[in-house]
Structures are given as C-alpha cells and as structure tokens.
Amino acid sequence: DAGVTQSPTHLIKTRGQQVTLRCSPKSGHDTVSWYQQALGQGPQFIFQYYEEEERQRGNFPDRFSGHQFPNYSSELNVNALLLGDSALYLCASSYPRANYGYTFGSGTRLTVV
Amino acid sequence: GNSVTQMEGPVTLSEEAFLTINCTYTATGYPSLFWYVQYPGEGLQLLLKATKADDKGSNKGFEATYRKETTSFHLEKGSVQVSDSAVYFCALSDEDSNYQLIWGAGTKLIIKP
Chain C
9 DAGVTQSPTH
19 LIKTRGQQVT
29 LRCSPKSGHD
39 TVSWYQQALG
49 QGPQFIFQYY
59 EEEERQRGNF
69 PDRFSGHQFP
79 NYSSELNVNA
89 LLLGDSALYL
99 CASSYPRANY
109 GYTFGSGTRL
119 TVV
Chain U
38 GNSVTQMEGP
48 VTLSEEAFLT
58 INCTYTATGY
68 PSLFWYVQYP
78 GEGLQLLLKA
88 TKADDKGSNK
98 GFEATYRKET
108 TSFHLEKGSV
118 QVSDSAVYFC
128 ALSDEDSNYQ
138 LIWGAGTKLI
148 IKP
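Printed below as a string of structure tokens:
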C-alpha cells in the first residue's frame, strides 16, 4: 500500500520564478494538506484541500496556491519565489476528520537562489 | 486557542538510557494527541497516537499515555538506541482546530554510543 508520494524530491529555482510541487495521497485518503518546514523549525500549515476545494488556509500570502484533482492528488504552486521560500515542503493526507492522524510524504526540498 | 508545549532540546543521552520527552497541551475540546518523528533529511512519520483520555499509544518501544487530568502526553522509551536520534514533535488535533495539527516546537534527541 503506497503511502504519500511527492515529486520532485529536490528542486533549485531562481528568485522570481514559479514552481509546482506534486503530491499523491495515501490510498483511501481524500484530504491533502501542505506544510512548509524551514530548516530547524516545525512545520507551518499552508492550506488543506478536500473535494477539490481549499478548505482551510494558514498565514501564507496569495503567492501560494494549490489545486486538488478528482483522483485526490494535489499540487502546490508558488509564484514570484523569494529566497525565504527555501524550505522542505511536506504533503500530508488524511480522512476529512483527521482524528487518527496524518500520513506525511518525504517532502520536496526547494532551494531558491 | 489550542497549543502544544514540549521540552526544549537538544536532549543528549547515552545508548540504553531511559528517555522522557515532556509534552503538555491546551485545548478546549477533546483532542487527539500524536507524536511524530523526523529523521535527518526525511519527512515526518507518525510514531504513535492516542484519541481519548487514558489511552496509551505505543510503537517501536516508545510509549505515551493521554493524561487529561494533567493535560500531558509525555513520550517515553526504556532503552534508547543510536538509531533513535531524530527530532520528535508532539501535536494535537480536534474539532476546534478543524482537525488541523497544532504542533509543538520539536525536541532534538541525540543518542551517543
């Protein structure tokens, strides 16, 4: 049973560019959340998608946007990249009422130069 | 609002020592509680969970008991190994947080041979 898969694993972009990160949830999960984790810090919630709509959003600017597809997979898009966007981006999947926890992918390491 | 407080690290122990990482929480409802572990360079893995008071979560020799009277969920292991070196995050989710994970700051654990 595949867990959460994310692609790519590593990415280097230049300031001002745009990036798209991808996530496939664990089989049976229909809710996808995205987190940003800066080096040495805990995860920061970006947003959550359920039924192809953004259901919740953390304190991130509109440069961060997302999408969920009918097969529950999801994309995270970041426009006008800043050096401060360099981080590990984690995708997590769950059932809608996540009392039993989230399953995380291994993340995408984004470096902005 | 809901919050999680965990002991600051790094925690440095010798192999086979007893481990305790303290975690306390504040919540208005009845949260589910989680411990996640992050090994160097990797994503987050669910280590154990407890969904109601007095439940004990356990996995890989780690244990934590949901104590509602002390609002705590301390992580313990009787004999740590070098391979347990990682960052450990305590987290909660409940209806009041729309089932989003509320994270502690993380505790880095270093086990020396």
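Chains as they are written, first to last, in this note's numbering: chain C, 9 to 121; chain U, 38 to 150.
Even for Gly, the Cβ is constructed at its ideal location relative to N, Cα and C.
If residue i and residue j are in contact, beta carbons under 8 Å, what's the gap, nearest whole angstrom?
{"i": "U:A101", "j": "U:F110", "result": "5 Å"}
{"i": "C:F53", "j": "C:G66", "result": "4 Å"}
{"i": "U:Y62", "j": "U:T108", "result": "5 Å"}
Should residue i be labelled buried (16 or more other beta-carbon atoms within 10 Å of its own) or exposed?
{"i": "C:H37", "result": "buried"}
{"i": "U:S69", "result": "buried"}
{"i": "U:S120", "result": "exposed"}
{"i": "U:A64", "result": "buried"}
{"i": "C:Q26", "result": "exposed"}
{"i": "C:G115", "result": "buried"}
{"i": "U:N76", "result": "The residue asked about is misnamed: residue 76 of chain U is Tyr in this sequence, not Asn. Result: exposed."}
{"i": "U:T49", "result": "exposed"}
{"i": "C:G109", "result": "buried"}
{"i": "C:T111", "result": "buried"}
{"i": "U:I139", "result": "buried"}
{"i": "C:D70", "result": "exposed"}
{"i": "C:D93", "result": "buried"}
{"i": "C:L47", "result": "exposed"}
Do residue i and residue j have their C-beta atoms within less than 8 Å of each other?
{"i": "C:G74", "j": "C:Y58", "result": "no"}
{"i": "C:L84", "j": "C:Q45", "result": "no"}
{"i": "U:C60", "j": "U:G115", "result": "no"}
{"i": "U:E45", "j": "U:Q118", "result": "no"}
{"i": "U:L85", "j": "U:G98", "result": "no"}
{"i": "U:I58", "j": "U:Y103", "result": "no"}
{"i": "U:G80", "j": "C:G113", "result": "yes"}
{"i": "U:K149", "j": "U:P47", "result": "no"}
{"i": "C:S102", "j": "C:T39", "result": "yes"}
{"i": "U:D131", "j": "U:Y73", "result": "no"}
{"i": "C:R23", "j": "C:L90", "result": "yes"}
{"i": "U:L56", "j": "U:F71", "result": "no"}
Going by alpha carbons, who is nearest to residue i out of the options?
{"i": "C:T81", "options": "C:K34, C:Q26 and C:R23", "result": "The sequence given here places Ser at residue 81 of chain C; Thr does not occur at that position. Of the candidates C:K34, C:Q26 and C:R23, the one whose C-alpha sits nearest the C-alpha of C:S81 is C:K34."}
{"i": "C:V121", "options": "C:S15, C:L98, C:I20 and C:T13", "result": "C:I20"}
{"i": "C:E60", "options": "C:N79, C:T28, C:G48 and C:P51", "result": "C:N79"}
{"i": "C:G50", "options": "U:T42, U:D133, U:E106 and U:D92", "result": "U:T42"}
{"i": "C:C31", "options": "C:T111, C:R117, C:Y110 and C:C99", "result": "C:C99"}
{"i": "U:K89", "options": "U:F55, U:L112 and U:L129", "result": "U:L129"}
{"i": "C:R63", "options": "U:D92, U:S134 and U:D91", "result": "U:S134"}
{"i": "U:Q137", "options": "C:F55, C:H18 and C:V86", "result": "C:F55"}
{"i": "C:H18", "options": "U:C127, U:G78, U:A54 and U:G38", "result": "U:G78"}
{"i": "U:I147", "options": "U:A54, U:G38 and U:S40", "result": "U:A54"}
Exercise for review: With 8 Å as the C-beta to C-beta threshold (strictly closer), list the residues of the stretch 67-86 of chain U near chain C in chain order.
Suggested key: S69, F71, Y73, E79, G80, L81, Q82, L83 and K86
**Study point:** Members of the stretch 50-71 of chain C that neighbour chain U once the beta carbon cut-off is set at 9 Å
**Key:** G50, P51, Q52, F53, Q56, R63, Q64 and G66
**Study point:** Contact set between the stretch 112-136 of chain U and chain C, restricted to residues whose Cβ is under 7 Å from the partner
**Key:** F126, S130, N135 and Y136
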